[in-house]
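A.B. asks: The opening position of the sequence shown corresponds to residue 30 in my numbering, with each subsequent residue numbered one higher. Even for Gly, the Cβ is constructed at its ideal location relative to N, Cα and C.
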Amino acid sequence: MLKGFDPEAVLTTIARERINFTLFVPTMIYVLLDHPALDKTDLSSLELVLYGASAMSPSRLVEGIERIGPVFSQLYGQTECYPVSVLRKADHDPKTPELFLSCGFPITACEVRILDDDDQEVKTGEAGEICVRAPHVMAEYWKRPDITAETLKNGWVHTGDIARKDERGYMFILDRKKDMIVSGGFNIFPREVEDVLSQHADVAMVAVVGIPDEKWGESVTAIVVPREGARPDPDELINLVKTRKGSAHAPKQIQFVKQLPMTGVGKVDKKVLRAGFWSGRDRMVG
Numbered sequence: 030m031l032k033g034f035d036p037e038a039v040l041t042t043i044a045r046e047r048i049n050f051t052l053f054v055p056t057m058i059y060v061l062l063d064h065p066a067l068d069k070t071d072l073s074s075l076e077l078v079l080y081g082a083s084a085m086s087p088s089r090l091v092e093g094i095e096r097i098g099p100v101f102s103q104l105y106g107q108t109e110c111y112p113v114s115v116l117r118k119a120d121h122d123p124k125t126p127e128l129f130l131s132c133g134f135p136i137t138a139c140e141v142r143i144l145d146d147d148d149q150e151v152k153t154g155e156a157g158e159i160c161v162r163a164p165h166v167m168a169e170y171w172k173r174p175d176i177t178a179e180t181l182k183n184g185w186v187h188t189g190d191i192a193r194k195d196e197r198g199y200m201f202i203l204d205r206k207k208d209m210i211v212s213g214g215f216n217i218f219p220r221e222v223e224d225v226l227s228q229h230a231d232v233a234m235v236a237v238v239g240i241p242d243e244k245w246g247e248s249v250t251a252i253v254v255p256r257e258g259a260r261p262d263p264d265e266l267i268n269l270v271k272t273r274k275g276s277a278h279a280p281k282q283i284q285f286v287k288q289l290p291m292t293g294v295g296k297v298d299k300k301v302l303r304a305g306f307w308s309g310r311d312r313m314v315g
């Protein structure tokens, strides 16, 4: 058992102990892919690499499959109910890259519905909140009946994750409900913009937030960590989103940083990112 994440120690341990199963968050996989020792390390023992906790860049996932092997599988869930769904190894096929944006199918034990604000099931392809009923959902939040009542309704956990389901049954998370940006009357889910930008060859990581804007209410801002040695063109990134998603989704500005703030579980800390823009204003930072 390793004490913390050290990329060189992880690679050495996998090779020495012939590890066949491990679990990472996406940022850990990115660090391994960028480590100079990766291609010199024998990782042939790996049979399954589970990842989760946050979305993974499709382009980096392809890179992982090419350099580490077809060993990846994704689990989606929350502390309140984990796991909810799985994207199997068989779904990680470079011939069907659109599935790299999916969180997969519900597991056998989970009953999953995608509901609108009136708790009615949405049609295939429409956005709604992922709601889950299963034997392993939480009982309650300790001594917080108010939050429990908001999250747990008639045995269904309301996850706060907005998603759509395609005709095959694959679920695609659009974003956290509280992270939605309202710009000029349009509802914009940051993850849709992040998914486009993360496919650019010069982008290592990206986070999209809404910042105060007198004209639009909120404007879409992308905070980008470039790949080592790369110098992405802001206009090129903006036009990429405009072409794929339309003008409303295109960032009004791009900021380049060396690293993004992370939570203790390896997720980008958007609360910290937004706080710098919203400090002293009336809007609450979720």
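Give the C-beta separation of Q103 and V115 to the nearest angstrom, bearing in mind that I take them to be a contact with Cβ-Cβ under 8 Å.
C.D. replies: Indexing the sequence shown from 1 puts residue 103 at position 74. Indexing the sequence shown from 1 puts residue 115 at position 86. Your pair Q103 and V115 checks out as a contact, with CB atoms roughly 7 Å apart and the cut at 8 Å.
A.B. asks: Count the other CB atoms within 10 Å of the CB of Q228; is the residue buried (16 or more) or exposed (fewer)?
C.D. replies: Taking the sequence shown and counting its residues from 1, the one referred to as residue 228 is at position 199. Classification of Q228: buried, given that the 10 Å Cβ count is 16 or more.
A.B. asks: Are at least three pairs of beta-carbons, each pair with one atom in the segment 254-273 and one in the segment 292-307, less than 8 Å apart?
C.D. replies: Judged by Cβ distances under 8 Å, the segment 254-273 makes no contact with the segment 292-307, as fewer than three pairs qualify.
A.B. asks: Skipping 5 residues on each side, what residues in its chain have a beta carbon closer than 6 Å to that of E140?
C.D. replies: Stepping through the sequence shown from its first residue, residue 140 is reached at position 111. Within the same chain, E140 has close Cβ partners R162.
A.B. asks: Mapping the DSSP letters down to three states, classify A230 as helix, strand or coil.
C.D. replies: Residue mapping note: residue 230 aligns to position 201 of the sequence shown, counting from 1. A230: coil per DSSP, three-state reduction.
A.B. asks: Are the C-beta of V54 and some C-beta of chain D separated by less than 9 Å?
C.D. replies: Of the chains in the structure shown, none is chain D; there is only one protein chain.
A.B. asks: Pull up the distance between the alpha-carbon of D120 and that of K244, whole angstroms please.
C.D. replies: The residue you call residue 120 lines up with position 91 of the sequence shown. The residue you call residue 244 lines up with position 215 of the sequence shown. Going from the Cα of D120 to the Cα of K244 covers about 43 Å.
A.B. asks: Among L289, I240 and I97, which one has its Cα closest to the Cα of V211?
C.D. replies: Here residue 211 is taken as the residue at index 182 of the sequence shown, counted from 1. Per the Cα distances, I240.
A.B. asks: Considering only the beta carbon of each residue, do P135 and V222 sit closer than 9 Å?
C.D. replies: Translated into positions along the sequence shown, residue 135 becomes position 106. Translated into positions along the sequence shown, residue 222 becomes position 193. Cβ distance not < 9 Å, so P135 and V222 don't count as in contact.
A.B. asks: Once DSSP output is grouped into helix, strand and coil, what is the label at S114?
C.D. replies: Counting from 1 along the sequence shown, the entry for residue 114 is found at position 85. Strand, per DSSP.
A.B. asks: Between Q301 and P290, what straight-line distance do the alpha-carbon atoms span, to the nearest angstrom?
C.D. replies: Here residue 301 corresponds to residue number 272 of the sequence shown, with the count starting at 1. Here residue 290 corresponds to residue number 261 of the sequence shown, with the count starting at 1. The sequence given here places Val at residue 301; Gln does not occur at that position. Cα-Cα distance, rounded: 7 Å.
A.B. asks: Tell me which residues share the same chain as V225 and place their Cβ nearer than 7 Å to its Cβ, disregarding the 5 neighbours each side in the sequence.
C.D. replies: The residue you call residue 225 lines up with position 196 of the sequence shown. Within the same chain, Cβ atoms closer than 7 Å to the Cβ of V225 are found at L269, V270, R273 and K274, the five residues on either side in sequence being excluded.
A.B. asks: Decide if A38 is buried, meaning its Cβ has at least 16 other Cβ atoms within 10 Å, or exposed.
C.D. replies: Reading the sequence shown from its first residue, position 9 is the one you call residue 38. The residue is exposed, with fewer than 16 neighbouring Cβ atoms inside 10 Å.
A.B. asks: Leaving out the 5 sequence neighbours to the left and right, which residues in its chain are closer than 7 Å to D71 when beta-carbon positions are compared?
C.D. replies: Position 42 of the sequence shown, counted from the start, is the residue given in the question as residue 71. Contacts found: A44.
A.B. asks: Anyone know if the C-beta pair for P255 and A233 falls short of 9 Å?
C.D. replies: Taking the sequence shown and counting its residues from 1, one reaches residue 255 at position 226. Taking the sequence shown and counting its residues from 1, one reaches residue 233 at position 204. Against a cut-off of 9 Å, the Cβ pair of A233 and P255 comes out as a contact.
A.B. asks: Counting only the same chain and skipping the five closest in sequence on each side, list residues whose C-beta sits under 7 Å from that of R47.
C.D. replies: Sequence index remark: in the sequence shown, residue 47 carries index 18 (1-based). Result list for R47: S74, in chain order.
A.B. asks: List, from N- to C-terminal side, the alpha helix (DSSP H) runs of 4 residues or more that fit wholly inside the segment 58-115.
C.D. replies: Within the segment 58-115, the complete alpha helix (DSSP H) runs of at least 4 residues are 87-96.
A.B. asks: In the DSSP assignment, find the unbroken alpha helix (DSSP H) run with I252 in it and report its ends.
C.D. replies: Position 223 of the sequence shown, counted from the start, is the residue given in the question as residue 252. Premise fails: I252 lies in the beta strand (DSSP E), G246 to P255, not in any alpha helix (DSSP H).
A.B. asks: What is the residue span of the beta strand (DSSP E) that A192 lies within?
C.D. replies: The residue given as residue 192 occupies position 163 in the sequence shown. Note, A192: beta strand (DSSP E), W185 to K194.
A.B. asks: By Cβ distance, which residues of its chain are closer than 6 Å to F53, with the 5 residues on each side in sequence left out?
C.D. replies: By 1-based counting over the sequence shown, the position of residue 53 is 24. For F53, where only same-chain residues beyond five positions count, the Cβ hits under 6 Å are Y80.
A.B. asks: Can you give me the Cβ contacts of T188 inside the same chain, cut-off strictly under 8 Å, excluding the 5 residues immediately before and after it?
C.D. replies: Taking the sequence shown and counting its residues from 1, one reaches residue 188 at position 159. Only Q107, E109, C110, V113, E158, I159, C160 and V161 meet the Cβ criterion.
A.B. asks: By DSSP, does T137 sit in helix, in strand, or in coil?
C.D. replies: Numbered from its first residue, the sequence shown carries residue 137 at position 108. The answer is coil: DSSP assigns T137 none of H, G, I, E or B.
A.B. asks: Starting from L266, trace the alpha helix (DSSP H) in both directions and tell me its first and last residue.
C.D. replies: Taking the sequence shown and counting its residues from 1, the one referred to as residue 266 is at position 237. Looking at the DSSP string, the run of the alpha helix (DSSP H) that includes L266 is P263 to K274.
A.B. asks: Tell me which residues share the same chain as L67 and place their Cβ nearer than 7 Å to its Cβ, disregarding the 5 neighbours each side in the sequence.
C.D. replies: The residue labelled residue 67 in the question sits at position 38 within the sequence shown. These residues qualify, in order along the chain: L40, L61 and R96.
A.B. asks: Helix, strand or coil: which one does DSSP assign to E46?
C.D. replies: As a first step, residue 46 is located in the sequence shown; it is residue number 17 there, counting from the start. Residue state, collapsed to three classes: helix.
A.B. asks: Check each candidate in M209, E155 and Q288 and name the one with the smallest Cα separation from Y199.
C.D. replies: Along the sequence shown, one-based indexing puts residue 199 at 170. Checking every option, the nearest Cα to that of Y199 belongs to E155.
A.B. asks: For R312, is the classification buried or exposed, using 16 other Cβ atoms within 10 angstroms of its Cβ as the cut-off for buried?
C.D. replies: As a working mapping, residue 312 is identified with position 283 in the sequence shown. Its pLDDT being 45, under 50, R312 is placed unreliably by the model, and nothing is read from it.
A.B. asks: Less than 8 Å between C-beta atoms, sequence neighbours within five positions excluded: which residues of the same chain meet that for Y59?
C.D. replies: Translated into positions along the sequence shown, residue 59 becomes position 30. For Y59, where only same-chain residues beyond five positions count, the Cβ hits under 8 Å are S86, R89, A233 and M234.
A.B. asks: Under 9 Å, do R205 and I217 count as touching if we go by C-beta distance?
C.D. replies: As a working mapping, residue 205 is identified with position 176 in the sequence shown. As a working mapping, residue 217 is identified with position 188 in the sequence shown. Contact flag unset, no.
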